[in-house]
Amino acid sequence: MANGSGRPLSPHLQVYKLPLTAVMSITHRITGVGLAVGTLLLVWWLVAAAAGPEAFARAQGFIGSFFGLLLMFGWSAALYYHLCNGIRHLVWDAGKSFELTDADRNNKVVLGATAVLTVLTWIVGLAVW
1 MANGSGRPLS
11 PHLQVYKLPL
21 TAVMSITHRI
31 TGVGLAVGTL
41 LLVWWLVAAA
51 AGPEAFARAQ
61 GFIGSFFGLL
71 LMFGWSAALY
81 YHLCNGIRHL
91 VWDAGKSFEL
101 TDADRNNKVV
111 LGATAVLTVL
121 TWIVGLAVW
């Protein structure tokens, strides 16, 4: 929407860029919802294991498919992101790391730890599987 001069009102979405801390805060909320939804897949697998061999084979077949593994990879990445970012929030709750340089460094630590933990989990999981 423009004002009387024809210039866009602030903040203009084509110009304004959310800071990484804001994007990570939004992502923290999204991963929380994703974890809740992904847990339904885990519950389905557990119920299928209790229901019998046919139900378990069906659930295992889906989870072992490419799409199922992709969902599980996303769920594990969301789990580690939510965990690492939650630890960062606990540090903030303690009144520490509010400086912009600390926040920027911690953003990178959270993203790096998420990537490393997710990849390590899948390397170990696929090696055992």
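Sequential numbering from 1 applies to the sequence shown in my numbering.
Ideal placement from N, C-alpha and C gives every residue a C-beta, glycine not left out.
(request) Could you tell me if ALA78 is buried or exposed, where buried requires 16 or more neighbouring beta carbons within 10 angstroms of its beta carbon? (result) Numbered from 1 along the sequence shown, position 78 holds the residue referred to as residue 78. ALA78 is buried by the Cβ-count criterion.
(message) Does the region 108-122 come into contact with the region 47-67, if we say contact requires no fewer than three beta-carbon pairs (one atom in each stretch) closer than 8 angstroms?
(response) Using a C-beta cut-off of 8 angstroms, the region 108-122 makes no contact with the region 47-67, since fewer than three inter-stretch Cβ pairs fall below that distance.
(request) Determine, using beta carbons only, whether THR21 and HIS82 come nearer to each other than 8 angstroms. (result) Start at 1 with the first residue of the sequence shown, and residue 21 comes out as number 21. Start at 1 with the first residue of the sequence shown, and residue 82 comes out as number 82. At a Cβ-Cβ threshold of 8 angstroms, THR21 and HIS82 do not count as neighbours.
(request) Since I believe ALA59 is in contact with TRP44 (beta carbons under 8 angstroms), could you give me their beta-carbon distance rounded to a whole number of angstroms? (result) Position 44 of the sequence shown, counting from 1, holds the residue named residue 44. Position 59 of the sequence shown, counting from 1, holds the residue named residue 59. With a Cβ gap of about 6 angstroms, TRP44 and ALA59 count as contacting.
(message) Does LYS108 come out as helix, strand or coil in the three-state DSSP assignment?
(response) Translated into positions along the sequence shown, residue 108 becomes position 108. Taken through DSSP and simplified to helix, strand or coil, LYS108 comes out as helix.
(message) Just verifying my parser: in three-state terms, what is the DSSP assignment at ALA22?
(response) The residue you call residue 22 lines up with position 22 of the sequence shown. Looking at ALA22 - three-state DSSP - the assignment turns out to be helix.
(request) Note the first and the last residue of the continuous alpha helix (DSSP H) segment covering GLU54. (result) Position 54 of the sequence shown, counted from the start, is the residue given in the question as residue 54. Taken as a continuous stretch (DSSP letters only), the alpha helix (DSSP H) holding GLU54 covers 53-63.
(request) Spatial neighbours of LEU117 within its chain, please: CB distance less than 7 angstroms, with the 5 preceding and 5 following residues excluded, ordered by chain position. (result) Walking along the sequence shown from the start, residue 117 turns up at place 117. Scanning its chain for C-beta atoms nearer than 7 angstroms, with the 5 sequence neighbours on each side dropped, one finds around LEU117 the residues TYR80, in chain order.
(message) Measuring straight from C-alpha to C-alpha, what distance separates LEU100 and TRP129?
(response) Translated into positions along the sequence shown, residue 100 becomes position 100. Translated into positions along the sequence shown, residue 129 becomes position 129. The alpha-carbon of LEU100 is positioned some 43 angstroms away from that of TRP129.
(message) For LEU35, which residues in the same chain have their Cβ closer than 8 angstroms to its Cβ, ignoring the five residues on either side in sequence?
(response) In the sequence shown, the residue the question calls residue 35 occupies position 35. The residues are TRP75, ALA78, LEU79, HIS82.
(request) Please report how far the alpha carbon of ARG88 lies from the alpha carbon of VAL23, in whole angstroms. (result) Residue mapping note: residue 88 aligns to position 88 of the sequence shown, counting from 1. Residue mapping note: residue 23 aligns to position 23 of the sequence shown, counting from 1. So the two alpha carbons sit approximately 14 angstroms from each other.
(request) Quick one: give me the first and last residue of the alpha helix (DSSP H) that TYR16 is part of. (result) The residue you call residue 16 lines up with position 16 of the sequence shown. It is not in any alpha helix (DSSP H) - TYR16 carries neither H nor E in the DSSP assignment.
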